[in-house]
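K.L.:
Before anything else, here's the structure in question.
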Amino acid sequence: MSIKGFRGEILSLSHDPAEAPEAVRYEADGLLVVEAGRVVARGAFDVVCPRFPGLAVEQLDGLIVPGLIDAHVHYPQLGRIASHGAQLLDWLERHIFPAEKAFADPAHAAGVAEEFLDELLRHGTTSALVFATVHAASVEAFFAAAEARELRMICGKVLMDLGPDGLRDTVEEARAESAALIAKWHGRGRLGYAVTPRYALTSSDEQLAAAGELLAAHPGVLLHTHLAENHAEIAEVAARFTEAVDYLDAYDRFGLVTERAVFAHGVHLPDRSCARLAETGAGIAVCPSSNFFLGSGMFDFGQAERHGVRLGLGSDIGAGTSLSLLHNGGLAYQAGLPGGYVLDPFRALWLATGGSARLLHIESEVGMLAEGQEADFVVLDDAATPLMARRTAGASLAERLFALQVLGDDRAVRRTYVLGRCAWDRDGGRK
Ligand SMILES: [Zn+2]
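Residues in the sequence shown are numbered consecutively from 196, following this note's numbering.
Rendered as structure tokens:
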């Protein structure tokens with residue numbers, strides 16, 4: 196396998212800056228050496244280059260950061276982004292459930308999976324934790340498309356035996372289809388599986404228990420679901436699960452709150468839930484553009500930090516309004532301010548890289564652009580528009596990063612690399 200160097204300005208976070216102030220790793224003139232898809236060396240160009248005589252070096256114009264990691268997104272909802280006029284429960288009925296029914300057709304699922312992965316790469320996202328639909332074929336289509344592109348992706352069949360007509364499975368189908376998909380896809384290449392009950396209200400007690408059994412029987416797989424997003428949803432959960440002390444407890448009773456659990460949203464959580472999340476090592480995928488779009492509320496970063504809850508960043512397409520985790524980082528900042536929390540731009544980048552990686556248990560492989568990790572990275576252009584160029588000229592690194600988060604989106608992604616290979620070029624399209 197060939198060895199290659201990439202020279203440029205390199206930035207990553209090796210820890211959560213809220214926990215470790217020395218978390219920022221930055222080289223103004225850096226060199227990233229990639230061999231067989233992995234980073235074998237990284238550091239100042241003048242220091243690292245002499246260690247590799249004859250190394251072929253490509254100069255990259257822009258800010259090199261780790262490939263972004265979307266901790267919560269629904270690929271079947273790609274075409275329903277920007278659907279007007281409803282909060283969560285109505286929005287699901289009016290816009291989302293009808294769209295998801297089409298994924299019973301494998302050809303439809305395969306087509307949307309390809310479009311979705313193109314969009315992820317265009318936005319600089321190289322890994323994601325992804326909802327499919329209730330149909331096993333939708334998971335097969337997604338994994339096949341991700342495998343062909345050698346992407347590190349995690350997905351799962353949605354469990355919803357209390358779902359609407361055409362989107363309902365049974366407890367037995369949930370168990371058997373999930374087990375078969377895990378056996379076929381989990382740990383194959385860069386792919387991983389997540390047991391995926393849609394949310395508490397769309398599964399029976401028996402199905403939630405089956406999800407817990409699947410999780411216990413397959414120690415490597417994740418649990419992926421929604422939690423405490425919307426007030427009406429929370430009220431319905433409380434009405435059904437009368438024994439549970441709060442929403443999280445409704446999951447906990449079925450063995451679903453573990454260090455491998457990823458809960459999307461967590462917008463309205465009592466302190467007890469946050470303490471329990473921290474105690475178990477479970478975490479939250481924060482999805483600010485979705486929370487704004489559906490009028491769900493704003494994530495309480497201060498509360499999560501007080502309790503030490505693990506966090507990552509998600510786009511939650513199609514309720515989210517942008518696949519860009521830069522843009523979602525800017526919105527996360529805006530979500531924090533009313534509660535008095537000032538999200539640092541470096542921490543916002545951490546949430547979209549190492550934070551999400553840690554949440555998804557893939558931090559040994561991706562998220563920090565560290566030696567030994569897989570070489571997934573993005574080249575950002577902080578002068579992608581005239582206004583961005585004006586704002587970032589002569590600015591500090593923190594100011595440039597913040598401008599990328601507030602003003603940036605897919606236009607600011609010049610190139611996306613997967614395993615050291617250019618998979619997306621803004622000027623040339625898909626590679
Ligand atoms: Zn979601």
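C-beta: ideal position from N, C-alpha, C; glycine also. Given the structure is predicted, the values throughout are model-derived calculations rather than measurements.
Anyone know if the C-beta pair for Leu-255 and Gly-238 falls short of 8 Å?
P.N.:
Not in contact: Leu-255 and Gly-238 (Cβ atoms no closer than 8 Å).
K.L.:
Would you list the residues whose beta-carbon is nearer than 6 Å to any heavy atom of ligand 1, in the order they occur in the chain?
P.N.:
The set, ordered by position in the chain, is His-267, His-269, His-421, Ala-459, Asp-511.
K.L.:
Mapping the DSSP letters down to three states, classify Gln-254 as helix, strand or coil.
P.N.:
Reduced to three states, the DSSP call for Gln-254 is strand.
K.L.:
Could you check whether Ala-459 and His-421 sit closer than 8 Å to each other, using their CB atoms as the reference points?
P.N.:
In this structure, Ala-459 lies closer than 8 Å to His-421 by Cβ.
K.L.:
Going by CA-CA distance only, name the one from Leu-418, Tyr-446, Gly-503 that's closest to Ile-429.
P.N.:
Answer by Cα proximity: Tyr-446.
K.L.:
Determine whether the beta carbon atoms of Cys-469 and Val-504 lie at a separation below 8 Å.
P.N.:
Yes, they are a contact pair.
K.L.:
Starting from Ile-291, trace the beta strand (DSSP E) both ways and give me its first and last residue.
P.N.:
Element bounds for Ile-291: n/a, residue is neither H nor E.
K.L.:
To which residues does DSSP link Trp-619 through a beta bridge?
P.N.:
Beta-bridge pairing links Trp-619 to Thr-611, Arg-625.
K.L.:
Here's the rule: buried if 16 or more other CB atoms are within 10 angstroms of the residue's CB, otherwise exposed. What is His-279?
P.N.:
Exposed: under 16 other Cβ atoms inside 10 Å.
K.L.:
Taking only three categories from DSSP, how would you classify Ser-551?
P.N.:
Three-state result, Ser-551: helix.
K.L.:
With a CB to CB cut of under 6 Å and the five nearest residues on each side skipped, what residues in its chain are close to Arg-393?
P.N.:
So the list reads Val-353, Met-355, once near-sequence residues are dropped.
K.L.:
Between the stretch 540-553 and the stretch 258-266, can you find at least three pairs of beta-carbon atoms closer than 8 Å?
P.N.:
The stretch 258-266 is in contact with the stretch 540-553.
K.L.:
Determine which residues share a DSSP beta bridge with Tyr-388 and list them.
P.N.:
Partner(s): Cys-350.
K.L.:
For Ser-333, which three-state DSSP category applies?
P.N.:
Helix.
K.L.:
Among all the DSSP beta bridges, which residues are the ones paired with Arg-585?
P.N.:
Beta-bridge pairing links Arg-585 to no other residue.
K.L.:
My understanding is that Ala-369 touches Leu-324, with C-beta atoms under 8 Å, so please give their C-beta distance in whole angstroms.
P.N.:
About 19 Å; that fails the 8 Å criterion.
K.L.:
Mind checking Leu-206: buried by the 16 CB within 10 Å criterion, or exposed?
P.N.:
Leu-206 comes out buried.
K.L.:
Compare the Cα-Cα distances from Ala-336 to each of Asp-360, Pro-301, Thr-321 and report the closest residue.
P.N.:
If we check each option's Cα against that of Ala-336, Pro-301 comes out closest.
K.L.:
Label Arg-585 either buried or exposed according to how many other C-beta atoms from any shown protein chain fall within 10 Å of its C-beta, with 16 as the threshold for buried.
P.N.:
So Arg-585 counts as exposed.
K.L.:
Classify Pro-233 as helix, strand or coil using the three-state DSSP reduction.
P.N.:
In the sequence as displayed, the identity of residue 233 is Arg instead of Pro. Arg-233 falls in the strand class under three-state DSSP.
K.L.:
What is the residue span of the alpha helix (DSSP H) that Val-325 lies within?
P.N.:
Note, Val-325: premise wrong, no alpha helix (DSSP H); beta strand (DSSP E) at 320-326.
K.L.:
Taking the alpha-carbon of Thr-328 as reference, which of Ala-305, Ser-197, Leu-346 has the nearest alpha-carbon?
P.N.:
Here the closest residue by C-alpha is Ala-305.
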